[in-house]
Amino acid sequence: MPSSYCAENNAALAAVCCACRKTVPTALMITLNGYENGSRTHNAVCLVCARKGWRPAGFAGVYQRL
Ligand SMILES: [Zn+2]
72 MPSSYCAENN AALAAVCCAC RKTVPTALMI TLNGYENGSR THNAVCLVCA
122 RKGWRPAGFA GVYQRL
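This is how it looks when you write it as C-alpha cells:
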C-alpha cells in the first residue's frame with residue numbers, strides 16, 4: 072500500500088522518488104498531487120517514472136515542479 076506522503080524533501084537537492092524509491096536530484100523530479108483518504112497528497116517522482124505513467128492515487132491532474 073503506497074504511503075500517502077512519501078516525499079522526503081528535507082535535502083535541498085535530492086529527494087526519494089515515490090515510484091522507484093531512488094534518490095533523484097530534484098531538478099529531475101516533479102510533484103504529482105493526489106487525493107487519498109480525504110486529504111491531498113504530494114508525491115515527488117522522477118521524470119522517468121512520470122513519463123512511464125506513474126500517478127498517485129486520486130491524481131488531480133496537476134503537474135508542479137518541485
Ligand atoms: Zn522514479
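Take the sequence shown: its letters are residues 72 to 137, numbered as in my numbering. Each residue gets a CB set at the ideal place from its N, CA and C atoms; glycine is no exception.
Query raised in the report: Do you know how far the Cα of Met100 is from the Cα of Gly129?
Result: Residue numbering aside, residue 129 sits at position 58 when the sequence shown is read from its first letter. Residue numbering aside, residue 100 sits at position 29 when the sequence shown is read from its first letter. Spanning the two alpha carbons is a distance of roughly 19 angstroms.
**Report entry** Paired residues, beta bridge with Pro96 - DSSP
**Finding:** If you number the sequence shown from 1, residue 96 lands on position 25. Looking at the DSSP assignment, Pro96 forms a beta bridge with Ala85.
**Report entry** Proximity test, Ala98 beta-carbon vs ligand 1 heavy atom, cut-off 7 angstroms
**Finding:** The sequence position of residue 98 within the sequence shown is 27, counting from 1. Not so, every heavy atom of ligand 1 lies at least 7 angstroms from the Cβ.
Query raised in the report: DSSP puts Cys117 in a beta bridge; with which residues?
Result: Indexing the sequence shown from 1 puts residue 117 at position 46. Looking at the DSSP assignment, Cys117 forms a beta bridge with Met100.
**Report entry** Sequence-distant residues of the same chain with beta carbon closer than 7 angstroms to Cys120, five excluded per side
**Finding:** Counting from 1 along the sequence shown, the entry for residue 120 is found at position 49. Answer for Cys120: Cys88, Ala90 and Cys91, listed in chain order.
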